[in-house]
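**Student:** Just so we're aligned, residue 485 is where the sequence shown starts under the numbering used here, counting upward by one.
Glycine residues also receive a C-beta, built at the ideal position from the N, C-alpha and C atoms.
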Amino acid sequence: MKRLLKRVLPARVRTYLQRRVLGGEGIHADGHNFLLITLDSCRYDTYVETATPSFDRIGAPRKALAPANFTFPSHMAIFSGFTPGDPLVAESLVNPVAGKFWKVGQTHTRKGSRNLMVLDCKNVIDGYNKAGYATIGSGAMTWFDSREASSAPLTADFQQFYYPGNYYSLAKQIAYLERSIRLLADDQRFFAFLNVGETHLPYWHAEADWPRGENLCLPFDPQGTNDAAKCRARQSSSLAYVDGTIASLLEAISLEETHVLICGDHGDCWGEDGLWGHGITHEMVMTVPLVYRLAGGVEPS
Ligand SMILES: [Zn+2]
485 MKRLLKRVLP
495 ARVRTYLQRR
505 VLGGEGIHAD
515 GHNFLLITLD
525 SCRYDTYVET
535 ATPSFDRIGA
545 PRKALAPANF
555 TFPSHMAIFS
565 GFTPGDPLVA
575 ESLVNPVAGK
585 FWKVGQTHTR
595 KGSRNLMVLD
605 CKNVIDGYNK
615 AGYATIGSGA
625 MTWFDSREAS
635 SAPLTADFQQ
645 FYYPGNYYSL
655 AKQIAYLERS
665 IRLLADDQRF
675 FAFLNVGETH
685 LPYWHAEADW
695 PRGENLCLPF
705 DPQGTNDAAK
715 CRARQSSSLA
725 YVDGTIASLL
735 EAISLEETHV
745 LICGDHGDCW
755 GEDGLWGHGI
765 THEMVMTVPL
775 VYRLAGGVEP
785 S
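(1) In the DSSP assignment, find the unbroken alpha helix (DSSP H) run with HIS750 in it and report its ends.
(2) If you draw a straight line from the alpha carbon of GLU756 to that of ILE764, how long is it in whole angstroms?
(3) Measuring only the C-alpha atoms, how far is GLN644 from ILE620?
(4) Are PRO784 and SER576 closer than 7 Å when you measure CB to CB?
(5) At which residues does the alpha helix (DSSP H) containing THR729 begin and terminate?
(6) Under DSSP, the alpha helix (DSSP H) around ARG663 begins and ends at which residues?
(7) What does a CB cutoff of less than 6 Å around HIS743 pick up in its chain, not counting 5 residues either side in sequence?
(8) Could you please go through the chain and list the residues whose beta-carbon is closer than 5 Å to any non-hydrogen atom of ligand 1?
(9) Tell me, which residues are paired with ILE521 by DSSP?
(10) In or out: GLN672 buried (at least 16 other Cβ within 10 Å) or exposed?
(11) Within this structure, are the beta carbons of SER525 and ASP752 separated by less than 7 Å?
(12) So THR522 and CYS747 are supposed to be a Cβ contact under 8 Å. How far apart are they, rounded?
(13) Which parts of the segment 540-624 are runs of the beta strand (DSSP E), unbroken and 3 residues or longer, counting only runs that do not cross its ends?
(14) Going by the CB atoms, is the gap between VAL578 and ASP570 shorter than 7 Å?
(15) Report yes or no: do three or more beta-carbon pairs, one from the segment 657-675 and one from the segment 692-701, lie closer than 8 Å?
(16) Would you kindly report the start and end of the unbroken beta strand (DSSP E) that includes PRO773?
(17) Kindly list the residues whose CB is nearer than 6 Å to the CB of ASP727, restricted to its own chain and excluding five residues on each side of it in sequence; keep chain order.
(18) Note down the Cα distance separating MET768 from LEU685, rounded to an integer number of angstroms.
(19) Is it true that the CB of SER635 sits closer than 7 Å to the CB of PHE642?
(20) Taking the continuous alpha helix (DSSP H) assigned at TYR531, which residues delimit it?
(21) Determine the direct distance from the alpha carbon of ASP749 to that of ILE542, and round the result to whole angstroms.
(22) What is the rounded straight-line gap between the Cα of PRO557 and the Cα of ASP693?
(23) Excluding five sequence neighbours on each side, which residues of the same chain lie with their C-beta closer than 6 Å to the C-beta of LYS547?
(24) Candidates ALA731, GLU735, ILE511, THR530: which alpha carbon is nearest CYS715's?
(25) Using three-state DSSP, classify TRP760 as helix, strand or coil.
(26) Out of LEU723, ALA690, TRP760, PRO648, state which residue places its alpha-carbon closest to the alpha-carbon of GLY708.
(27) Identify whether ARG503 lies in helix, strand or coil by the three-state DSSP scheme.
(28) Start and end of the alpha helix (DSSP H) containing THR639?
(29) Looking at the structure shown, is PHE628 part of a helix, part of a strand, or coil, going by DSSP?
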């Protein structure tokens with residue numbers, strides 16, 4: 485049908501018919517698994533200053549701009565196909581304007597852009613569900629706490645979702661994802677999502693040697709205790725812990741059959757221009773790492 489329409493109808497009419505009469509451009513998942521990891525609040529400079537041997541198996545970091553300045557809208561954007569990107573390069577997947585991992589609904593893409601998949605549904609998770617994938621997620625931030633009504637836009641469409649109850653239980657999240665994937669039938673494709681909390685304020689992890697609740701990055705520095713150098717060191721230590729803990733998950737999945745995307749959802753300010761934390765449209769909040777590898781290591785077309 486699509487080929488016939490292409491032959492006999494002008495592009496504008498064809499697009500109208502596809503969207504309004506035939507019900508959209510359809511669902512074209514590409515048959516590969518997908519693993520999406522968001523390193524909550526991870527700054528780009530933290531990422532490049534930290535040894536990350538597990539993530540290096542996936543690829544080198546690109547300097548990208550986050551789609552929003554805090555967790556909820558950034559993930560809503562990512563789940564709509566607007567992943568962090570480098571606006572200066574016309575490179576598919578590195579810049580979502582040039583080409584998206586997932587084109588969702590009627591979101592605008594530039595003429596000639598090349599999208600990896602079309603999931604013409606309300607969001608990426610819904611698209612994978614309709615494509616017959618298992619959708620499994622875990623998020624550490626309270627935005628992913630399914631007891632809260634506000635989490636529904638981010639969590640309700642997953643077939644399985646696990647909120648660990650705090651921001652510092654990555655090992656439990658990994659165990660949940662590994663177990664859920666292991667229980668799938670051999671030929672069952674999956675979309676797995678992991679939001680990591682250890683890189684978020686107050687920057688703490690299970691092997692840290694500083695107090696768990698100590699937050700040295702408070703807006704307005706009300707106690708006079710903010711410390712940019714310690715924030716940097718602690719987020720870096722947390723990222724190194726995350727990299728080591730995620731190694732088993734990256735080994736459990738087949739990189740031949742799985743696309744992997746790792747990115748920050750936003751960063752934090754550490755005193756730049758007198759600002760601390762995120763939820764601020766500041767360069768240090770908006771600049772995040774972007775790392776990806778397509779299944780089998782193929783280059784995007
Ligand atoms: Zn976040």
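**Tutor:** With the given structure in hand:
(1) HIS750 -> no alpha helix (DSSP H), and no H or E assigned at all.
(2) Straight-line measurement puts the Cα of ILE764 at about 12 Å from the Cα of GLU756.
(3) Going by the C-alpha atoms only, they are around 5 Å apart.
(4) With a cutoff of 7 Å on beta-carbon distance, PRO784 and SER576 are scored as near each other.
(5) Under the DSSP assignment, THR729 falls in the alpha helix (DSSP H) whose first and last residues are 712-736.
(6) From DSSP, the alpha helix (DSSP H) with ARG663 extends over 654-666.
(7) Taken in chain order, the residues that qualify are HIS516, PHE518, LEU778, ALA779.
(8) Those satisfying the condition are, in chain order, ASP524, THR555, ASP749.
(9) ILE521 is bridged to LEU678, ILE746.
(10) Counting Cβ neighbours within 10 Å, GLN672 comes out exposed, since fewer than 16 surround it.
(11) In this structure, ASP752 lies closer than 7 Å to SER525 by Cβ.
(12) About 6 Å; that satisfies the 8 Å criterion.
(13) Fully enclosed beta strand (DSSP E) runs of 3 or longer: 546-549, 586-588, 601-603, 618-623.
(14) VAL578 is positioned such that its CB atom lies closer than 7 Å to that of ASP570.
(15) Not touching, per the Cβ criterion.
(16) First-last of the beta strand (DSSP E) with PRO773: 771-777.
(17) Result list for ASP727: THR536, SER538, PHE539, in chain order.
(18) Each residue's Cα considered, the two are about 15 Å apart.
(19) No, they are not a contact pair.
(20) 528-533 is the span of the alpha helix (DSSP H), which, as asked, contains TYR531.
(21) About 18 Å.
(22) Cα-Cα distance, rounded: 33 Å.
(23) TYR528.
(24) Considering only alpha carbons, the answer is THR530.
(25) The answer is strand: DSSP assigns TRP760 an E or B state.
(26) Out of LEU723, ALA690, TRP760, PRO648, TRP760 has the C-alpha closest to the C-alpha of GLY708.
(27) Per-residue confidence for ARG503 stands at a pLDDT of 48, beneath the threshold of 50, marking its modelled position as unreliable; no derived number is given.
(28) From DSSP, the alpha helix (DSSP H) with THR639 extends over 636-639.
(29) Under the three-state reduction of DSSP, PHE628 is assigned to helix.
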